[in-house]
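> Sequence positions in the sequence shown follow numbering that gives the first Met the number 0 and run 0 to 173. Please see the structure below; I have some questions.
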Amino acid sequence: MSVLIAVVLILVSVALLFIILMGIFYAIDFFLDLPYVGTKRQKIDTIIKLSKIKKNQTVIDLGSGDGRLLFASAQKGAYAIGYELNPFLVLISRFHAQLKGLSENVMIHRQNMWKADLKVADIIFVYSLKKSIKKFEDFVYKNARPGTRVVVNLHPFLDKKPLKEKDGIYLYKV
0 MSVLIAVVLI
10 LVSVALLFII
20 LMGIFYAIDF
30 FLDLPYVGTK
40 RQKIDTIIKL
50 SKIKKNQTVI
60 DLGSGDGRLL
70 FASAQKGAYA
80 IGYELNPFLV
90 LISRFHAQLK
100 GLSENVMIHR
110 QNMWKADLKV
120 ADIIFVYSLK
130 KSIKKFEDFV
140 YKNARPGTRV
150 VVNLHPFLDK
160 KPLKEKDGIY
170 LYKV
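Encoded structure:
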């Protein structure tokens, strides 16, 4: 009986540590003005339709969170690359990619998105708060190649006019 109690205590301790570490990473994300916000299914459908993903194109998601957009892109035949700092979201994304059989087409980097090589992208996804949208706009237009489609969720770029807009999703072309 004491072994069972010890195992339960260890499992509870690990779970509590996990919860505390998740809280710390979410707090860091919040203070960096880049909190994790999962994209709803309806918005994912709109993003995928606006971006017009074709087979073998490369999609980059800056701040890929739990990988929802990566998986939707890979299911369309794209090679999807995500950049995410939160190690728990990276692990969850990688696990789901394996579970969904998409690991051949999905790569998730635990890396600062500002170091992403945007030149390889045909399509770039950005979810941004109002405070950081100008930084995203400058970064994308400086580093992506001409013709790259950029889909922005939530707030439009400040200095560029979108080609299309639907339900708070904005499409641009570099």
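Where is the CB? At the ideal position from N, CA and C, for every residue including glycine. In this text, all values refer to a predicted model and were calculated from it rather than measured experimentally.
From the DSSP output, which residues share a beta bridge with MET112?
Locating residue 112 in the sequence shown gives position 113, counting from the first residue. Answer is none; MET112 lacks a bridge partner.
> Strictly by DSSP, which residues pair up with ASN174?
Outside the modelled stretch of the chain, which goes from 0 to 173, sits residue 174, for which no answer is possible.
> Taking PHE135 as the reference, which of GLY146, TRP113, PHE70 and THR57 has the closest Cα?
Taking the first residue of the sequence shown as 1, we reach residue 135 at position 136. Of the candidates GLY146, TRP113, PHE70 and THR57, the one whose C-alpha sits nearest the C-alpha of PHE135 is TRP113.
> Does DSSP put ASN152 in a helix, in a strand, or in coil?
As a position in the sequence shown, residue 152 is number 153, starting the count at 1. If DSSP states are grouped into helix, strand and coil, ASN152 belongs with the strands.
> Kindly indicate which three-state DSSP category ALA14 falls into: helix, strand or coil?
As a first step, residue 14 is located in the sequence shown; it is residue number 15 there, counting from the start. Helix, per DSSP.
> Comparing alpha-carbon positions, which option in GLU83, LYS129 and GLY76 lies nearest GLU103?
Start at 1 with the first residue of the sequence shown, and residue 103 comes out as number 104. Measuring from the Cα of GLU103, the nearest candidate turns out to be GLY76.
> CB-CB under 7 Å to PRO161, same chain, minus the five flanking residues each way: which ones, in chain order?
If you number the sequence shown from 1, residue 161 lands on position 162. Cβ neighbours of PRO161 beyond the five flanking positions: PRO155, TYR169, LEU170 and TYR171.
> Can you check whether the CB of SER72 is closer than 8 Å to the CB of VAL58?
Against the sequence shown, residue 58 aligns to sequence position 59. Against the sequence shown, residue 72 aligns to sequence position 73. In contact: VAL58 and SER72 (Cβ atoms closer than 8 Å).
> State the DSSP-derived secondary structure class of LYS174, mapped to helix, strand or coil.
Beyond the ends of the chain as shown, which are 0 and 173, falls residue 174; an answer cannot be given.
> For LYS54, tell me which candidate among GLN74, THR45 and ARG67 has the shortest Cα-Cα distance.
As a working mapping, residue 54 is identified with position 55 in the sequence shown. It is GLN74.
> Who are THR57's beta bridge partners in DSSP?
Sequence index remark: in the sequence shown, residue 57 carries index 58 (1-based). Paired residue(s): TYR78.
> Skipping 5 residues on each side, what residues in its chain have a beta carbon closer than 8 Å to that of ALA143?
Here residue 143 refers to the residue found at position 144 when the sequence shown is read from its first residue. The answer, listed in chain order, is LEU117, LYS118, ALA120, ILE123, VAL149 and VAL173.
> Hey, how far is the Cα of ARG67 from the Cα of LEU153?
Indexing the sequence shown from 1 puts residue 67 at position 68. Indexing the sequence shown from 1 puts residue 153 at position 154. When rounded, the distance between both Cα atoms is 16 Å.
> LEU170 lies in the beta strand (DSSP E); which residues open and close that run?
As a working note, residue 170 is residue 171 in the sequence shown. From DSSP, the beta strand (DSSP E) with LEU170 extends over 168 to 172.
> According to DSSP, simplified to helix, strand and coil, what is ILE52?
Start at 1 with the first residue of the sequence shown, and residue 52 comes out as number 53. In the structure shown, ILE52 sits in coil (DSSP, three-state: anything other than H, G, I, E or B).
> Mind checking whether GLY78 and HIS108 have CB atoms under 8 Å apart?
Taking the first residue of the sequence shown as 1, we reach residue 78 at position 79. Taking the first residue of the sequence shown as 1, we reach residue 108 at position 109. Just to set this straight, residue 78 is Tyr in the shown sequence, not Gly. In this structure, HIS108 does not lie closer than 8 Å to TYR78 by Cβ.
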